[in-house]
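Novice:
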Amino acid sequence: MELPRNIKASGAPEAGIVASSVYAAGHRVADIPVDEAGEWAAKEGHFVWIGLLEPDRDLLLRVQRQFHLHDLAIEDAEHPHQRPKVEQYGDALFIVARTAQLFEGRVTFGETHLFVGSGYIVSVRHGPSTSYTSVRQHWESCPSALSKGEDFILYAILDFIVDNYMPVLEQIEAEVDEIEDRVLVKPMTAADIERLYMLRRDLLRLRNAAGPLVEVCRRLTSADLPQIRSAMHPLFRDVTDHIRTVQEKIDNLREVLAFAFEASLLVGQSQETAIAKKLASWAAILAVPTAVAGIYGMNFDNMPELRMTFGYQTVLMFIVSTCAFLYWRFRKNGWL
Amino acid sequence: MELPRNIKASGAPEAGIVASSVYAAGHRVADIPVDEAGEWAAKEGHFVWIGLLEPDRDLLLRVQRQFHLHDLAIEDAEHPHQRPKVEQYGDALFIVARTAQLFEGRVTFGETHLFVGSGYIVSVRHGPSTSYTSVRQHWESCPSALSKGEDFILYAILDFIVDNYMPVLEQIEAEVDEIEDRVLVKPMTAADIERLYMLRRDLLRLRNAAGPLVEVCRRLTSADLPQIRSAMHPLFRDVTDHIRTVQEKIDNLREVLAFAFEASLLVGQSQETAIAKKLASWAAILAVPTAVAGIYGMNFDNMPELRMTFGYQTVLMFIVSTCAFLYWRFRKNGWL
Amino acid sequence: MELPRNIKASGAPEAGIVASSVYAAGHRVADIPVDEAGEWAAKEGHFVWIGLLEPDRDLLLRVQRQFHLHDLAIEDAEHPHQRPKVEQYGDALFIVARTAQLFEGRVTFGETHLFVGSGYIVSVRHGPSTSYTSVRQHWESCPSALSKGEDFILYAILDFIVDNYMPVLEQIEAEVDEIEDRVLVKPMTAADIERLYMLRRDLLRLRNAAGPLVEVCRRLTSADLPQIRSAMHPLFRDVTDHIRTVQEKIDNLREVLAFAFEASLLVGQSQETAIAKKLASWAAILAVPTAVAGIYGMNFDNMPELRMTFGYQTVLMFIVSTCAFLYWRFRKNGWL
Amino acid sequence: MELPRNIKASGAPEAGIVASSVYAAGHRVADIPVDEAGEWAAKEGHFVWIGLLEPDRDLLLRVQRQFHLHDLAIEDAEHPHQRPKVEQYGDALFIVARTAQLFEGRVTFGETHLFVGSGYIVSVRHGPSTSYTSVRQHWESCPSALSKGEDFILYAILDFIVDNYMPVLEQIEAEVDEIEDRVLVKPMTAADIERLYMLRRDLLRLRNAAGPLVEVCRRLTSADLPQIRSAMHPLFRDVTDHIRTVQEKIDNLREVLAFAFEASLLVGQSQETAIAKKLASWAAILAVPTAVAGIYGMNFDNMPELRMTFGYQTVLMFIVSTCAFLYWRFRKNGWL
Amino acid sequence: MELPRNIKASGAPEAGIVASSVYAAGHRVADIPVDEAGEWAAKEGHFVWIGLLEPDRDLLLRVQRQFHLHDLAIEDAEHPHQRPKVEQYGDALFIVARTAQLFEGRVTFGETHLFVGSGYIVSVRHGPSTSYTSVRQHWESCPSALSKGEDFILYAILDFIVDNYMPVLEQIEAEVDEIEDRVLVKPMTAADIERLYMLRRDLLRLRNAAGPLVEVCRRLTSADLPQIRSAMHPLFRDVTDHIRTVQEKIDNLREVLAFAFEASLLVGQSQETAIAKKLASWAAILAVPTAVAGIYGMNFDNMPELRMTFGYQTVLMFIVSTCAFLYWRFRKNGWL
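Protein chains in written order, with full-length UniProt numbering: chain A, 1 to 336; chain B, 1 to 336; chain C, 1 to 336; chain D, 1 to 336; chain E, 1 to 336.
1. Give the interface partners of Ser222/B over in chain D, defined as CB-CB distance under 8 Å, in chain order.
2. Classify Gln82/D as helix, strand or coil using the three-state DSSP reduction.
3. Run through chain B and tell me which residues come within less than 8 Å of Ser270/A, C-beta to C-beta.
4. Which whole runs of the alpha helix (DSSP H) in the region 103-191 of chain A are 4 residues long or more, in chain order?
5. Is DSSP giving Arg244/C helix, strand or coil here?
6. Please list, in chain order, the residues of the region 281-295 of chain E that have any C-beta partner in chain C closer than 9 Å.
7. From Met317/B to Tyr312/A, what distance separates their C-alpha atoms?
8. Would Asn6/B pass as an interface residue toward chain D - the criterion being a Cβ-Cβ separation below 8 Å?
9. With 16 as the cutoff for other CB atoms within 10 Å, does residue 337/E come out buried or exposed?
10. Short check: CB of Gly16/B to CB of Asp56/B, under 8 Å?
11. State the DSSP-derived secondary structure class of Leu326/C, mapped to helix, strand or coil.
12. Taking the straight line between their C-alpha atoms, what separation do you get for Pro304/D and Met303/B?
13. Report the partner residues of Ala24/C according to the DSSP bridge assignment.
14. What is the DSSP secondary structure of Ser87/D, counted as helix, strand or coil?
15. Going along the chain, which residues of the region 304-326 of chain A sit with their C-beta nearer than 9 Å to a C-beta in chain C?
16. Run through DSSP, which three-state label would Leu93/D get?
17. Assign Val185/A to buried or exposed, taking buried as 16 or more other Cβ atoms, counted over all protein chains shown, within 10 Å of its Cβ.
18. Check whether the Cβ atoms of Val239/C and Asp181/C lie closer than 8 Å to each other.
19. Rounded to whole angstroms, what is the Cα-Cα separation between Ser270/C and Asp192/A?
20. Terminal residues of the continuous alpha helix (DSSP H) containing Gln227/E?
21. Could you check what DSSP says for Gly211/B in three-state terms: helix, strand or coil?
22. Identify the contact partners of Arg200/A in chain C, using a Cβ-Cβ distance below 8 Å as the criterion.
23. Measuring CA to CA, which of Ala30/C, Pro84/C and Met198/C is closest to Gly110/C?
24. Residue range of the alpha helix (DSSP H) that Ala15/B falls in?
25. I want to see whether chain C comes within less than 8 Å of Phe152/E, judged by CB atoms only; does it?
26. Please decide whether Leu265/B counts as near chain A, where near means a Cβ-Cβ distance under 8 Å.
27. Can you say whether Ser141/A is buried or exposed, counting buried as having 16 or more other CB atoms within 10 angstroms of its CB?
28. From Arg331/E to Lys278/E, what does the alpha carbon distance come to, in whole angstroms?
29. Assess, as a yes-or-no matter, whether the region 94-101 of chain E is touched by the region 157-172 of chain E under the definition of 3 or more beta carbon pairs within less than 8 Å.
30. Consider the Cβ of Lys277/E: report whether some Cβ of chain D lies at a distance smaller than 8 Å.
31. Just checking: is the beta-carbon of residue 346/B within a distance shorter than 8 Å of some beta-carbon in chain D?
32. Measuring only the C-alpha atoms, how far is Pro80/C from His126/C?
33. Under 7 Å between beta-carbons, which chain A residues line up against Gly334/B? List them in chain order, please.
34. Per DSSP, which one or two residues make a beta bridge with Thr99/B?
35. Should Leu146/A be labelled buried (16 or more other beta-carbon atoms within 10 Å of its own) or exposed?
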């Protein structure tokens, strides 16, 4: 749901370009066409922030020309389905991150590619994901932060990506809590099993998306990346902590679902046993009238009981009392 | 259950402040307002110990101003739900630890944030957790220990946190022991399954709380943290050993519960089999009178047995003896 | 399905030789017999690219003589069933990679051995695998790339091998998706179980084929291999990323199949329970006419009901209404 | 079962002291009171060997004074339930090891703390464990070994501890072998399950006791411990190998028990199936007389068969032959 | 099956000695008594190769004296049941390897200890294992290889040991393939379960035997072992690759057996369900004549149907057609 922001500079943005602006001293000073970006990025104290959404090859090549980006990075940016990574090409950093959002109650995954170099940052979004317009708007209102430059923007975007995992996990957690309440009192229905199965698959995908981000964030705080000033390291360590918390939550939910599967097997087994006990109990109780009536239904000439005045009533009473006794016994030992 | 301690200095403590005192040569020399803390901390041979309980942003900012704490640390301290960690911001250490206590027989988790710098230590408690007042009181009675300074206080608090895991684990262990006694003799009830499931979840949370503490404690003994004098390293190594023992206990209990689940499946299966055997045995025994009586209940004109004088009695005896034989057979092979 | 390419130079290629050409400045300058390869490889600015398919010992020895290859490498090349590895023998690199392809809808595994040295690259294919002719043809159309030399060819072949894993995984993924749709609604058939079992075995083999390639590719970017110029490192890092993506996909599918097995156990258990409930319900309903009719089939002289005018009809109605009531009860609680 | 050894020197040993002797040139030269130990330890060519059994605080403090031991080590020695570890306090080594022995056929765990410094070794035993008197007696008969000094004694004690794990493991192995013979032929009884469960718990405890010892022994061979001369390293590497063998045995038994659980589930399932088949077969066979006899027990006026001379005999023969046929069928397909 | 080779030198070999020869320039120059071995080993360009089979202590001590072997190594060599390891004692290497062979179709494990020093190699075999006579004979026919010296012999023996794992694994693989064909079509028999269980135990033992060999071989290629010349490193790296392939095969088979267990549970469950469906279907079909006949077997005076001319035939047809209908229904939905 990309809502194009209200552009103040001349010219509507092109298709594929969400925003393309120059910042200086913490303030947006101009919205520029992509083809002037290189020029602006080179100006002392200025940096360019370009946001692209599923750009075509042509647009990517134009951006490449502005910042002398590496061919492989451009090729990667054209083809999503990369693993999260940091790659250093020449004097630019190339970062791949996977994003997770809730769209209409379902988990959807996207991919963001980031190019960071001296004086510029370019974000490329693929697949369903939240626009970074809100990041832009939030930090445009904090000039002191924004004045820190392009590596701060990198932090801001990564932090936003990581924060967006949280509502996804919270929804899954809520579902898990709800299912486990049901599952522990009676065996899972087919719908429960399917839902749990789907949650496990979603968590697997989430782990694959979030897991490698830990390493990406950690590497951004290492000393050998000139694009990230060491003053920014605490910020990136903070993102690393957040993504680790996300990862821990994912791992926990995965374990909890595994517990729920195991518990459900036991609950199911114990219900099967309960049914078997009930079945056996009723079979035993009902076998009594059948057997007794069968005996007195035989056609022997000489069956003295049949001639007794209250033979029938006696037998009926015997049947009823035996059944009642069995019923009481089974009740007592918990089979019924 | 925070019991405000008896303050000797002028002025009752503010909301959010549990204690705020200056120590010198192992003795408390004054209870001070937060806004004088920086001044006192700078005095040679003095250190300030401030204890906060769920402070509001304003109070945190005032503390920050006194000790020039890092913005990110303050932001973290405001928002609990951090993973245990040690972070070095400027010349202050920031430590996050998760605490576990028993409140009314249930495991509850809290979070403690610690700021340690030259001449001060600040503890911030979030969520349900035991007050550190007892730590304060205990060590105020040992001036020789207290005179070691703020890094000793850090040790004392961490040691206290780790010690508090023990009763929690002992209670879980007691429950596990009790359940396993039941579980091995008869299949789990739904209540047993739910209880085991909940114990597993609690242990998962405990592992998440205690696990990263090992790394935190270990890092506190590394050479590159100037806030911890090397004379203190044996103490922190000791805490590391304790938390490792806690972790080992948690892992053991987790494995034992997994064993109990597996054993319970087997016990359940063997009970199902026992019921099936019983059911089959009785079905076989009761099929005898039914079949025999059915045959002599047929209405053929020419059935010589029906005319025999003791036909009925003979058949009855046949039925009884066959049933008795079957009963004896099933008893012998353990089906009944 | 090796289709011998249209050779321009004199002489048809020998058995076991797919191609044997010299390249200079990005263009093929000659197709040569193997026995001149050493000579050409030594020429400044030229490199030789030889492709072999299951060569016999004699051919391997002739190649060995041209490039002074190590005995052990030749012995390995003669005997497939090696683990993927990089080995440095003298000034040649020896690389083993496993390939996976789909031949007529089934996963088949092959092995490729590569020798790379100054001025030459030799590929040896074993078992079913796609020919590298397409790699050759593709890059012959890009002289600028081809002019980079033999280490670029190494990259091109490895990239091709890794790319060929993808359709295999996509087919398995499609099968898994299809099976899991079936499996979650009703218990697996024997055919489903067998298919899942076979998929698991295939994935196990794929993991064994692809897993060690990560390490192989990673080592090719390390500084201590003189055969790979550092300008090529980003290319090999890119292959490393691709093979990691392949590995992640394999691991995911393995986990998903494990989930499917567990879910299937639960679905099967819940179906067993459903059948047991149905069986028990019908047994109960049908026990009513049997028991009642048995009683009124007894031959007592004095059974007043038998003499009643509408006795029979009353009993019939009692039987029918009791059965109907039971049926309604079982429906309501979901047993029927 | 500590049997106080026959002391040759003056004075019976105090409570808590098993032995306290001075050795020189491989021979015991005197049995000494604890309070002279420091003096003797300082003598060139002499070393003191003190063995304590659950000493009280007072005794520990007296020992501490003799050798200037660290407060934390003494505190640890007072409180068992430590994890195995090596700690270096000043110029003394402090080692914690867990011991396992069989007392009356049950596995019991103890703890031994060792202090090793220049000229002395102190062992402190807690809980049930074998006395080191046999170690002392054995090596007193080998003066050449004993003359190597206190680090040799350390080796001797650790070797003895590790050796004592072996009979424990052998007994468990024997039990496992015996249970698995039973378990593979028929499903586990409740007693089997309980026994297996208990063995798993014992193995878990053994792993916790033995596992960290690997690291302890390994560290004793590292170069940075001045208390262990490098000439002793092969001996400690040997102990490391032994404890690794112990650990491997424990891990194997753990896996074997896990296999046994899984196999037992399958055996149980296959028995359940066998019972279900038997039950179904007999139900089918016995349904024949019931159904047939029921039909000829109907009271219709016009049932021609009933009037036939050999109707009854024909029907009887039909019933018998049908039952026999069914029995033969079920036998043939293995259901009976 | 140790076949003593045809000795050319004077004197038959002693008990425990398989061979004891001197080699120079790739040729055997003499068969010597053990007690001259040290002398020969010291000669420039000569090396001694001694093969022992379960030697007694006395023989080991004589060998020790010749080469000045370390006490601990001799003690280890006397007591098998060591873990595979490389140990450097003085200037000799001591290597322990576990061997696996098929003797009469069963997996048996042996142990080989190797001493390698300047000018000699001693192999000590324990337990059932193939003689190294074939290694000796093979390489005696390749003087150029044999002339490389004692470290080459070490390679040759290790390579032989590793190669001998392969037939063992291939037999297990064949068995697994055969069992899995059976297991996927019908549930395991008790014999299948036992066989699978035994295979798992064998694989566990194989893993323990082969696993540590990887580390042993890897260490032999490290720079700090003077006994292995760097020219030999490629050979040892080759053995490392082979043992890794063995290990991979073992791990695969272990996983495949685990899959087979899981699949077998599902197959068993699905068979149980099929039986339950069959049982329920037949119970339902047979309940029809029982219920109907029961009703018309009642003795009410006024039962109009009984008086109808074709009442009996009508009822019979009703019963038959109802049963047929039910049979058709159950067939259609796959219960029968």
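Heads up, the beta-carbon is just placed ideally off N, CA and C, and yes, glycines get one too.
Specialist: Judging by the given coordinates:
1. Here residue 222/B refers to the residue found at position 222 when the second sequence is read from its first residue. The premise fails here: Ser222/B is roughly 16 Å from chain D at the closest Cβ pair, so nothing lies under 8 Å.
2. On the fourth sequence, position 82 is the one that residue 82/D refers to. Reduced to three states, the DSSP call for Gln82/D is coil.
3. Within the first sequence, residue 270/A is the residue found at index 270, counting from 1. Near Ser270/A (Cβ distances below 8 Å), the residues of chain B are Pro187, Met188, Thr189, Ala190, Ile193 and Gly268.
4. 133-140, 143-146, 150-163 and 165-183
5. In the third sequence, residue 244/C corresponds to position 244, counting from 1. Correct three-state label for Arg244/C: helix.
6. Ala283, Ala284, Ala287, Val288, Thr290, Ala291, Val292, Ala293, Gly294 and Ile295
7. The residue given as residue 317/B occupies position 317 in the second sequence. The residue given as residue 312/A occupies position 312 in the first sequence. Going by the C-alpha atoms only, they are around 21 Å apart.
8. One-based indexing of the second sequence puts residue 6/B at position 6. Because Asn6/B sits at a pLDDT of 41, beneath the cut-off of 50, its placement in the model cannot be relied upon, and the point is left open.
9. The question about residue 337/E has no answer here: the residues shown for chain E are numbered 1 through 336.
10. Position 16 of the second sequence holds residue 16/B. Position 56 of the second sequence holds residue 56/B. Cβ distance < 8 Å, so Gly16/B and Asp56/B count as in contact.
11. As a first step, residue 326/C must be located in the third sequence, where it is residue number 326. Correct three-state label for Leu326/C: helix.
12. Looking up residue 304/D in the fourth sequence gives position 304. Looking up residue 303/B in the second sequence gives position 303. So the alpha carbons of these two residues sit roughly 15 Å apart.
13. Start at 1 with the first residue of the third sequence, and residue 24/C comes out as number 24. Bridge partners of Ala24/C: His27/C and His46/C.
14. For this step, residue 87/D is matched to residue 87 along the fourth sequence. According to the sequence provided, residue 87/D is Glu. The question's Ser does not apply to it. Here Glu87/D sits in strand by DSSP.
15. Glu305, Leu306, Arg307, Met308, Thr309, Phe310, Gly311, Tyr312, Gln313, Val315, Leu316 and Ile319
16. By one-based count along the fourth sequence, residue 93/D stands at place 93. In the structure shown, Leu93/D sits in a strand (DSSP, three-state: E or B).
17. What you label residue 185/A is simply residue 185 of the first sequence in a count that begins at 1. Looking at its Cβ environment, which holds fewer than 16 other Cβ atoms inside 10 Å, Val185/A is exposed.
18. The count along the third sequence starts at 1 and reaches residue 239/C at position 239. The count along the third sequence starts at 1 and reaches residue 181/C at position 181. Contact: no.
19. As a working note, residue 270/C is residue 270 in the third sequence. As a working note, residue 192/A is residue 192 in the first sequence. Approximately 11 Å, taken between the alpha carbons.
20. In the fifth sequence, counting from the first residue as 1, residue 227/E sits at position 227. It is not in any alpha helix (DSSP H) - Gln227/E carries neither H nor E in the DSSP assignment.
21. Within the second sequence, numbered from 1, the residue matching residue 211/B stands at position 211. Residue state, collapsed to three classes: helix.
22. Here the question's residue 200/A lines up with position 200 in the first sequence. By Cβ distance, chain C contributes Phe259.
23. Translated into the one-based positions of the third sequence, residue 110/C becomes position 110. Ranking the options by Cα distance to Gly110/C, first place goes to Pro84/C.
24. Here residue 15/B refers to the residue found at position 15 when the second sequence is read from its first residue. Premise fails: Ala15/B is in no alpha helix (DSSP H) and is neither H nor E.
25. Counting from 1 along the fifth sequence, the entry for residue 152/E is found at position 152. Judged by the 8 Å Cβ criterion, Phe152/E is not in contact with chain C.
26. Here the question's residue 265/B lines up with position 265 in the second sequence. So, interface residue.
27. For the purposes of this step, residue 141/A is taken as the residue at position 141 of the first sequence. Ser141/A comes out exposed.
28. Locating residue 331/E in the fifth sequence gives position 331, counting from the first residue. Locating residue 278/E in the fifth sequence gives position 278, counting from the first residue. Roughly 10 Å between the two C-alpha positions.
29. yes
30. Within the fifth sequence, the letter at position 277 stands for residue 277/E. Taking Cβ atoms only, chain D never reaches closer than 8 Å to Lys277/E, which makes this a no.
31. The structure shown has nothing for residue 346/B, since chain B only spans 1 to 336.
32. Against the third sequence, residue 80/C aligns to sequence position 80. Against the third sequence, residue 126/C aligns to sequence position 126. Cα to Cα, the separation comes out at about 7 Å.
33. Within the second sequence, the letter at position 334 stands for residue 334/B. The contacting residues do not exist; Gly334/B stays about 17 Å from chain A at best.
34. Taking the first residue of the second sequence as 1, we reach residue 99/B at position 99. According to DSSP, which records beta bridges pairwise, Thr99/B is partnered with Gly110/B.
35. As a first step, residue 146/A must be located in the first sequence, where it is residue number 146. Classification of Leu146/A: buried, given that the 10 Å Cβ count is 16 or more.
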